[in-house]
Amino acid sequence: NVFGFKALRALRLEDLRISPAYVKTFQGPPHGIEVERDKLNKYGRPLLGCTIKPKLGLSAKNYGRAVYECLRGGLDFTKDDENVNSQPFMRWRDRFLFVAEAIYKSQAETGEIKGHYLNATAGTCEEMLKRAQCAKE
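With positions in the sequence shown counted from 1, the corresponding number in this note's numbering is that position plus 201.
Listed below in structure tokens is the structure:
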């Protein structure tokens, strides 16, 4: 997403300095790789996942199908692109339901635990909390 999605021929970061005072303001993630491995029951190898593409334009049903095919094909998890939210052609709840179906179906067929990182952000805090509660249930 550098420079507003414009094509770049080359980009190289030559130096980055972050002050120690600024670094101290970050406590790190709430949990680490061990928690993810425990949730997926995957140890002794890398976790394999992908972001579903195209990020925009799929119906909720086709999005769920893409998730299913990735998980059934051997990936451990899939995730929403940060731009995927709730569009007129793919409402959040519809996407959630099709993704949940894809996870359950791929787990039943592979015998493995599968996962999906779902974007629950919304226009208001209340809607975001509502989405999170829906996903939790």
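Backbone N, C-alpha and C define an ideal beta-carbon position, used for all residues, glycine too.
Just to confirm, is the Cβ distance from K243 to D277 under 8 Å? The residue labelled residue 243 in the question sits at position 42 within the sequence shown. The residue labelled residue 277 in the question sits at position 76 within the sequence shown. Yes.
Taking the alpha helix (DSSP H) that K315 belongs to, which residues open and close that run? Counting from 1 along the sequence shown, the entry for residue 315 is found at position 114. K315: not part of any alpha helix (DSSP H); DSSP gives it neither H nor E.
Taking all protein chains shown into account, decide if I253 is buried (16 or more other Cβ within 10 angstroms of its Cβ) or exposed. In the sequence shown, the residue the question calls residue 253 occupies position 52. Buried, because 16 or more other Cβ atoms sit within 10 Å of the Cβ of I253.
Quick check: the region 209-224 against the region 260-274, are at least 3 beta-carbon pairs closer than 8 Å? The region 260-274 vs the region 209-224: no contact.
Can you grab the Cα-Cα spacing for the pair G274 / I304, in whole Å? Residue numbering aside, residue 274 sits at position 73 when the sequence shown is read from its first letter. Residue numbering aside, residue 304 sits at position 103 when the sequence shown is read from its first letter. Whole-angstrom Cα-Cα distance: 12 Å.
Where does N202 sit, in a helix, a strand or coil, going by DSSP? Position 1 of the sequence shown, counting from 1, holds the residue named residue 202. Unreliable placement is indicated for N202, whose pLDDT of 48 sits below 50; the coordinate value is still reported in the next sentence. In the structure shown, the three-state DSSP call for N202 is coil.
Secondary structure at Q288, three-state DSSP: helix, strand or coil? In the sequence shown, counting from the first residue as 1, residue 288 sits at position 87. Strand at Q288.
Note down, in chain order, each residue of its chain lying with its Cβ closer than 8 Å to the Cβ of A336, except the 5 sequence neighbours on either side. The residue given as residue 336 occupies position 135 in the sequence shown. Here the set comprises F297, L319, A321.
Is G250 closer than 8 Å to T279 when the C-beta atoms are compared? What you label residue 279 is simply residue 78 of the sequence shown in a count that begins at 1. What you label residue 250 is simply residue 49 of the sequence shown in a count that begins at 1. In this structure, T279 lies near G250, with their beta-carbon atoms less than 8 Å apart.
Under the assumption that N286 contacts W293 (Cβ atoms under 8 Å), give the Cβ distance between them as a whole number of angstroms. In the sequence shown, residue 286 corresponds to position 85, counting from 1. In the sequence shown, residue 293 corresponds to position 92, counting from 1. In this structure N286 is in contact with W293, their Cβ atoms being roughly 7 Å apart against a cut-off of 8 Å.
Buried or exposed: which applies to D216, given that a residue is buried once 16 or more other Cβ atoms fall within 10 Å of its Cβ? Position 15 of the sequence shown, counted from the first residue, corresponds to residue 216. Under this definition D216 is an exposed residue.
Pick out whichever of T325, L248, L241 has its Cα sitting closest to the Cα of G312. On the sequence shown, residue 312 is found 111 positions in, with the first residue counted as 1. For the set T325, L248, L241, the Cα lying nearest the Cα of G312 is the one of L241.
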